Each structure stands twice: as structure tokens, then as C-alpha cells.
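If you read the protein sequences in the order shown, they are chains A and B. Terminal number for the first sequence in numbering that gives the first Met the number 0: 141, no gaps in between. Terminal number for the second sequence in numbering that gives the first Met the number 0: 175, no gaps in between. Have a look at the structure below before the remarks.
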Amino acid sequence: MRGICSPFHVSVSKNKLKPEAFDPFPGTDEVSVMRVKYLGDARCKLRAKALERLPTKSYRGVAVFTAELARKNCAVVVDSRRHYLGHADIHYQFEAPPPGEPLPAEVLSQLRPRLKELSKRAKYIPDPLPQSCRWSGEAMRC
Amino acid sequence: MSYLLSPPLPGVASGMRWTSCDAELPGLVDRWLPRRPSGWRAIFDMPVPRTRLADFESLPSDWDGYGALPISEQVRQNAEALLSLFSGFSPSLPPPEIAPHANGTISLEWEVGQAEAYLEIGKTRISGYIRSQAGETYLIEGNADEVDETLARLLEEHIYPCTELALPVTSLDMAA
């Protein structure tokens, strides 16, 4: 799963994720994710909420998807527990562009449809009580 | 969104304004006008794209919680210039979806029926693709300060092509 903290990553009116929610970390081809199976819903919520920095960055909910879906659309899912147990990275397997510049057109034409598919198939669960430290939403399952 | 059609639809009084009943249903628009009729121009006002660009100015470092870069002034200016180009040369193009990206770029995206266009704008480069209604893909890449009306015309040709309207209009409901 992935914590959602930006209004630009989810369509509130349609309650749907946007492909930008799966943008890689700048300078890399990696997308940081949490493994619900290892962390559980409660600790996933705490980790996602820890990303918050009010008022500019407000935690809203979580995007849940299977590793299988990620592999089908993105390439490689790698356990990266050096950060913490339950952390993993999705690798898109391209060379990262310089800061402030887009990927080459050929890479974009292949990557963008995959991100759109991922955002369409992942499940967005808005947190009913984002200000709380407890998870009271539906189970983080696909 | 409101459209002022000139010349008016057959059977419709001149000067009539047709309003999309729901801006959240672009598919309805597509079914009514999947292709822009020859000789007609649909005039769109574009207040939304410029508002969106202004929103990006205040994005700080790490605005998404995953290390996203702020959107620089140069990138915003390049995006503004591109939007102005499109509205000047291709006013019939619908407003794009505009989004900031983690690497500090801005994207413009159009989806009309089976066609789509995606452009990502950086500090010095622009990159993207157009997928036509027929499924052909055209890659676009170059310097952000060298974009001209050719790109606008390419988008218009493949995203919202000008053809004869095949479907007759049999009814038209007017909203009060």
C-alpha cells in the first residue's frame, strides 16, 4: 500500500487514484510502498500518517494493491527492509531523468499507460478519521 | 463548460447556447460531438488550467510525502506558454488535465474517446506522445522554448479531428 498525502494524487469527487500517485522518487525509478501483510492495517496507517506535514501536506487515505498487480504493470517489486521491516520498493526499470526534466518520450509512452492501469486497479481507501492515530477504515485488502 | 456553436446546429435557432449538462461527464460530450464538424468551431474558455498552474507555485519540497520536488518558476512559465499556444492556435481543443509530478515537472493530458495525448514539461525539455483514434502513436520530444503551432495542430488533428458530422441531430433538450 501507499499513503496518499497530496490532493493532486486523488480525485476527491470521483474517489479515484490518479497515475501521479505512483510517480517515482526524484532521481530514481523507485516507488516506496508498505507491505500490509507484514505491518498490518494499524501500523500502515501510522507510517502513512507520519508523511503528513500540515498545512501543506495532509494525509488523506491509502492506496492498496497487490504485488502481482505492480509486477504486471511496473516490473519489479523488491523487499527493502533496510528502511524498516515491511518496506518494499517498486522499480520501473528506467534511467532517472535529471531533476525538473521529463523522461524520454519513448519511456513515457510505455510507462504512462502502466501507471494509469495501476491507478485504475489499485483501491483507494479514504481514511474516515485521518486526524486519528487509529485506523477505522475498511480492511486494507484488494 | 459551455459551447457557443457557430454556425448553429441544423434546426437550432442561431445564437443558441448549448451547455453541457454535467461537466463530470465528458463521455456525454464525446457522444454528441465525437468529431469536430468541418467549418464549425467550439469556443472553450480556459480558466481552470491557469488556476491549476497557480496552485503549483506554493508546493514545497516533499509536497507528496515521498520527496517530490517543488515546481520551479521556469517549468510553470513553460507550461503557461504551451497553454497559451494551444488556446491561440487550437481553441477547439478541450482543456487538458494538468498535474504536478514528483520530479518537478508539469503534465498536460487529453483523453478524447480512444485518442490520448500526454505532454510533460520540464525546465528545458518537453516530452510526450499522441495516440490517435486509430491507435497510432507519435512521440514528441524537444526543447521547451522551441515549441510552435505545429504541435498544437498535431494535437488538434489527432485528438479532435475535423470531420463531417455523420450523425443527424434528432432532438435537442434545452436547460432553463
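Beta carbons: idealized from backbone N, C-alpha and C, even for Gly. Bear in mind the structure is a predicted one, so any value in this text is a computation, not a measurement.
Check                                                                                                                                       : Outcome
Cut-off 6 Å between Cβ atoms - residues of its own chain near threonine 27 of chain A, not counting five sequence neighbours on either side : Ala95
Any chain C beta carbon closer than 8 Å to threonine 136 of chain B                                                                         : Annotation note: the requested chain C is absent from the structure, which comprises protein chains A and B.
Nearest-angstrom beta carbon gap, leucine 92 of chain B and tryptophan 109 of chain B [assumed within contact, 8 Å]                         : 7 Å
Residue environment, arginine 140 of chain A, which counts as buried when at least 16 other CB atoms sit within 10 Å                        : exposed
The stretch 34-53 of chain A touching the stretch 66-83 of chain B, judged by at least three CB pairs closer than 8 Å                       : no
Euclidean distance between Cα positions of tyrosine 91 of chain A and alanine 69 of chain A                                                 : 10 Å
Inter-stretch contact at 8 Å, needing at least 3 Cβ pairs: the stretch 82-91 of chain A / the stretch 22-39 of chain A                      : yes
is_contact[histidine 157 of chain B, chain A] using C-beta, thresh 8 Å                                                                      : no
Beta-carbon gap between valine 146 of chain B and isoleucine 129 of chain B smaller than 8 Å                                                : no
Paired residues, beta bridge with leucine 118 of chain B - DSSP                                                                             : B/Leu107 and B/Gly127
Nearest to glycine 112 of chain B (by Cα), restricted to the options B/Gln132, B/Thr123 and B/Ile120                                        : B/Gln132
Arginine 152 of chain B CB to nearest heavy atom of the ligand FMN below 7 Å                                                                : The ligand FMN is not part of this structure, which contains no ligands at all.
contact_flag[the stretch 142-156 of chain B, the stretch 120-127 of chain A] where n(CB pairs < 8 Å) is 3 or more                           : no
Cβ-based contacts, 7 Å cut-off: residues of the stretch 93-114 of chain A near chain B                                                      : Pro96, Pro98, Gly99, Glu100, Pro101, Leu102, Pro103, Ala104, Glu105, Leu107, Ser108 and Arg111
Cα-Cα separation between proline 59 of chain B and methionine 173 of chain B, rounded to whole angstroms                                    : 46 Å
Rounded C-alpha distance that separates isoleucine 158 of chain B from alanine 116 of chain B                                               : 7 Å
Interface flag, tryptophan 109 of chain B vs chain A, CB-CB below 8 Å                                                                       : no
Pairwise C-alpha distance: aspartate 126 of chain A and serine 12 of chain A                                                                : 15 Å
Burial state of histidine 100 of chain B, where buried means 16 or more other Cβ atoms lie within 10 Å                                      : buried
For glycine 87 of chain B and glycine 14 of chain B, the rounded distance between their alpha carbons                                       : Confidence at glycine 14 of chain B is low in this model, with a pLDDT of 34, below 50, so the placement of that residue should be treated as unreliable; the coordinate-derived value is given next. Cα to Cα, glycine 14 of chain B sits roughly 23 Å from glycine 87 of chain B.
Buried or exposed by the 16-neighbour rule on C-beta atoms within 10 Å, applied to lysine 56 of chain A                                     : buried
C-beta contact flag for alanine 78 of chain B and isoleucine 139 of chain B at 8 Å                                                          : no
Proximal residues, the stretch 122-136 of chain B versus chain A, C-beta separation under 9 Å                                               : Lys122, Thr123, Arg124, Ile125, Ser126, Gly127, Tyr128, Arg130 and Thr136
Contact with chain B by glutamate 116 of chain A, beta-carbon distance below 8 Å                                                            : no
Glycine 112 of chain B in three-state terms, based on DSSP                                                                                  : coil
Closest by C-alpha distance to leucine 110 of chain A, when choosing among A/Arg80, A/Met0, A/Trp134 and A/Pro23                            : A/Pro23
Chain B contact residues for cysteine 4 of chain A, given Cβ-Cβ distances below 7 Å                                                         : Asp63 and Gly64
Residue burial classification, aspartate 63 of chain B (beta-carbon count within 10 angstroms, cutoff 16)                                   : buried
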